[in-house]
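Data first, discussion second: the structure below is written as structure tokens.
Protein chains: 2
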Amino acid sequence: MTTADRLSLLLAEDDPALGPLIAELLEPDYRVRLAVNGQEALHLGLTQPWDVMVIDRGLPVMDGISVIAALRTKGIATPILVLTALGATNEKVRGLDAGANDYVAKPFDAGELAARLRALTRTFPSPAGPVSIGTWEFDPASRSVRSAYGDLVTLAAKEAELLEALAAEPARVFTRDELLAAHFQSTDQPGVIDTYVHHLRRKISRTVIRTVHGVGYQIGDAS
Amino acid sequence: MTTADRLSLLLAEDDPALGPLIAELLEPDYRVRLAVNGQEALHLGLTQPWDVMVIDRGLPVMDGISVIAALRTKGIATPILVLTALGATNEKVRGLDAGANDYVAKPFDAGELAARLRALTRTFPSPAGPVSIGTWEFDPASRSVRSAYGDLVTLAAKEAELLEALAAEPARVFTRDELLAAHFQSTDQPGVIDTYVHHLRRKISRTVIRTVHGVGYQIGDAS
DNA sequence: CACCTTCTTAAGCCTTTCTTAAGGGCGCCG
DNA sequence: CGGCGCCCTTAAGAAAGGCTTAAGAAGGTG
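If you read the protein sequences in the order shown, they are chains A and B. Each position in the first sequence, counted from 1, maps to that position plus 1417 in this note's numbering. Each position in the second sequence, counted from 1, maps to that position plus 1417 in this note's numbering.
Structure below.
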């Protein structure tokens, strides 16, 4: 999920008739990039970030299952839906176990495909309630942070966005570029992040956000 | 994922014959709890943590789709697979959009159900996955080591690289040249390794890394 | 329109990390 | 037990990265 725009979708389908058809079908909801063989799909999958992938099982050069296995081996965790002419259960099992997240047999129903893609890309609206960050409680709605002692601090919009992004995945370390791309204007330079981190640390606590030298920032861990 | 044990699975199925049958089918791989109506399923879903849920569409008291919607509203993000007698595409779409992650129509194939559940519960060996080293936990992503007592130590990039390399093959003894070639500039001299080993021993523990005299280093084994 | 908050940029200073080097200590082998 | 390597430890300069500050721009409000 890179922008507020449509989600990016990598479609790997070699059938010259079906490929563009599916692409057109999905275009209203996704930014579709069509790959016509397995190698191309693998390359695109590895070199660019995607929100979701739809991969045909039978692809030239390198078959779909191999592409998926290769992507997974490289640590790509993007949701993948396998599209296939083969409806046999055995094939489904193999595809899913190779690392696919869903499996749709051709001929498929456009509505079902769309629904399954929605299910794969759905991100649950973080429970609107307050999020606890260490000993603090952060309420995105009111953009305020309450300490264990009851002190209330209100944050500016950007400050809150940054904190929310970091808190969404406490275990993850975010690079400045990631945070920048997701929450600030693309013209901004990475240094902006430093400034806001400083603001948050001053307003809340030095330990809310942890620096990972040479990498980026992470929500401050307990202890 | 609560323990190293089987995953916990909440099964909501009212058919007195089918429920226990499915439960038995899944028992080898999951700790199954059977709920026989929607209300019970909702209550269990809200009050206990589950690794995955299998919910029948048509449940007494409260239908499956409503249960899912209610769970999602409360912020429960557990993967849910809908099981149903209704194979109509329309029904599938509605189920998925209510918050289900997958949809299997009865009669279903046991192998496919199992594969789809595996796909739902699969956690990718995220490159960020913490590695346990003796009594410590090393998280390459945040480059931090946590002791059994909870103390957190952050490592510099090179320190982390070295530790990660050693931890990748605990049984193996690495020579300085191997480590050097893989993780440092080729111009560096073997002595660099010694320095970083010293850093790690000081930061974590004298016993993290074991010296094999005349050969190189190895991850400090339990002993 | 004046005032205030928020956003963005930029520059200098400070801290951490990397790399090299040298002296002392220790283990292994004869 | 003595000698010879090998290993441990310390330290310090250089480089890279992060922190802090400050000030102008932009936007919103009374």
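Ideal Cβ placement from N, Cα and C applies to all residues, glycine included. If you're wondering where the values come from, they're calculated on a predicted model, not measured in any experiment.
Exercise. List the residues of chain B that A/His1616 touches, going by C-beta distances under 8 Å, in chain order.
Key: Within chain B, no residue has its CB atom less than 8 Å from the CB of A/His1616, the nearest being about 22 Å off.
Quiz item: How about B/Ala1517: is its C-beta nearer than 8 Å to some C-beta of chain A?
Solution: Yes, because at least one Cβ of chain A sits closer than 8 Å to the Cβ of B/Ala1517.
Quiz item: Looking only at its own chain, which residues have a Cβ that is under 7 Å from the Cβ of B/Ala1486, when we skip the five neighbours before and after it?
Solution: The beta carbon of B/Ala1486 sits closer than 7 Å to those of Ala1515, Gly1516, all from its chain and outside the five residues before and after it, given in chain order.
Quiz item: Taking 8 Å as the CB-CB limit, is B/Leu1424 close to chain A?
Solution: So no, B/Leu1424 is outside the interface.
Quiz item: Any residues in the stretch 1563-1578 of chain B with a beta carbon nearer than 8 Å to a beta carbon of chain A? Which ones, in chain order?
Solution: Within the stretch 1563-1578 of chain B, the residues whose Cβ lies closer than 8 Å to any Cβ of chain A are, in chain order, Gly1567, Asp1568, Leu1569, Thr1571, Ala1573, Ala1574.
Quiz item: Counting contacts by CB-CB distance shorter than 8 Å, is B/Ala1506 in contact with chain A?
Solution: This sequence places Thr at residue 1506 of chain B; Ala is not what is there. Closer than 8 Å: yes.
Quiz item: So is B/Gly1528 in contact with chain A if we call contact Cβ pairs under 8 Å?
Solution: At least one chain A Cβ lies under 8 Å of B/Gly1528.
Quiz prompt | chain A contact residues for B/Asp1468, given Cβ-Cβ distances below 7 Å | solution = Within chain A, no C-beta atom comes less than 7 Å from the C-beta of B/Asp1468; the nearest is roughly 16 Å away.
Quiz item: What residues are listed by DSSP as bridge partners for A/Gly1649?
Solution: For residue 1649 of chain A there is no data in the structure shown, the boundaries of chain A being 1418 and 1640.
Quiz item: Would A/Tyr1520 be called buried (16 or more neighbouring beta carbons within 10 Å of its own) or exposed?
Solution: It is buried - the Cβ of A/Tyr1520 has at least 16 other Cβ atoms within 10 Å.
Quiz item: Should B/Ala1527 be labelled buried (16 or more other beta-carbon atoms within 10 Å of its own) or exposed?
Solution: Around the CB of B/Ala1527, fewer than 16 other CB atoms lie within 10 Å, so the residue is classed as exposed.
Quiz item: Taking the C-alpha atoms as reference points, what is the distance between B/Asp1446 and A/Glu1554?
Solution: C-alpha separation (whole angstroms): 38 Å.
Quiz item: So which residues on chain B does A/Leu1513 lean against when the C-beta distance must stay under 7 Å?
Solution: The contact set of A/Leu1513 on chain B, defined by CB atoms closer than 7 Å, consists of Ala1532, Arg1533, Arg1535, Ala1536 in chain order.
Exercise. Give me the Cβ distance between B/Arg1474 and B/Gly1512, rounded to the nearest whole Å; I'm assuming they're in contact under 8 Å.
Key: Confirmed, Cβ separation roughly 6 Å.
Quiz item: In angstroms, rounded to a whole number, what distance separates the CA positions of A/Val1478 and A/Glu1441?
Solution: The straight-line gap separating the alpha-carbon atoms of A/Val1478 and A/Glu1441 is approximately 24 Å.
Exercise. For A/Ser1483, I'd like the list of residues in its chain whose CB is within less than 7 Å of its CB, leaving aside the five on either flank, ordered along the chain.
Key: These residues qualify, in order along the chain: Gly1455.
Quiz item: Excluding sequence positions up to five away, which residues of its chain have a Cβ less than 6 Å from the Cβ of A/Lys1620?
Solution: Excluding sequence neighbours, A/Lys1620 sits near Val1570.
Quiz item: Any chance the stretch 1546-1566 of chain A sits against the stretch 1547-1566 of chain B, with 3 or more Cβ pairs inside 8 Å?
Solution: By the Cβ rule, the stretch 1546-1566 of chain A does not count as touching the stretch 1547-1566 of chain B, because fewer than three pairs are nearer than 8 Å.
Quiz prompt | Straight-line Cα distance separating B/Val1469 from B/Thr1538 | solution = Distance between B/Thr1538 and B/Val1469, taken at the CA atoms: about 7 Å.
Self-check item: For B/Ala1577, the three-state DSSP class (helix, strand or coil)
Solution: Annotated three-state conformation of B/Ala1577 is helix, per DSSP.
Quiz prompt | First through last residue of the beta strand (DSSP E) which encompasses A/Val1521 | solution = For A/Val1521, the uninterrupted beta strand (DSSP E) segment begins and ends at 1519-1522.
Quiz item: To which residues of the same chain is B/Val1609 closer than 8 Å at the C-beta, ignoring the five residues directly before and after it?
Solution: Cβ neighbours of B/Val1609 beyond the five flanking positions: Leu1597, Phe1601.
Quiz prompt | Distance between B/Leu1476 and A/Ala1505 (C-alpha atoms, nearest Å) | solution = Here the C-alpha atom of A/Ala1505 lies approximately 29 Å from the C-alpha atom of B/Leu1476.
Self-check item: Contact with chain B by A/Arg1619, beta-carbon distance below 8 Å
Solution: Not one chain B Cβ lies under 8 Å of A/Arg1619.
Quiz item: Around the Cβ of A/His1507, are there at least 16 other Cβ atoms within 10 angstroms (buried) or fewer (exposed)?
Solution: What sits at residue 1507 of chain A in the sequence shown is Asn, not His. Exposed: under 16 other Cβ atoms inside 10 Å.
Practice problem: Report all residues from its chain with a CB closer than 8 Å to the CB of A/Asp1432; omit the five preceding and five following residues, and keep chain order. | Solution: Hits under 8 Å: Asp1473.
Practice problem: Leaving out five residues on either side along the sequence, give the residues of the same chain with a beta carbon under 6 Å from the beta carbon of B/Ala1452. | Solution: Non-local C-beta neighbours of B/Ala1452 in its own chain, meaning closer than 6 Å and more than five positions away in sequence, comprise Ala1429, Ala1458, Leu1461, ordered along the chain.
Exercise. Can you tell me which of B/Asp1611, B/Trp1467, B/Ile1626 puts its alpha carbon nearest to the alpha carbon of B/Ala1588?
Key: Residue B/Ile1626 is the option with its Cα nearest to B/Ala1588.
Self-check item: Spatial neighbours of B/Arg1535 in its chain, beta-carbon cut-off 7 Å, leaving aside the 5 residues before and after
Solution: Excluding positions up to five away in sequence, the list is empty.
Practice problem: Whole angstroms is fine: what's the gap from A/Tyr1634's alpha carbon to B/Pro1607's? | Solution: Cα-Cα distance, rounded: 32 Å.
Self-check item: Min CB distance B/Ser1559 to chain A below 8 Å
Solution: Chain A, which has a Cβ nearer than 8 Å to the Cβ of B/Ser1559, makes this yes.
Self-check item: Alpha-carbon to alpha-carbon, B/Val1449 and B/Leu1463
Solution: Inter-residue distance for B/Leu1463 and B/Val1449 is about 16 Å (C-alpha atoms, whole angstroms).
Exercise. Could you work out which residue in A/Glu1576, A/Asp1611, A/Ala1531, A/Gly1492 is closest to A/Leu1498 when comparing CA atoms only?
Key: If we check each option's Cα against that of A/Leu1498, A/Ala1531 comes out closest.
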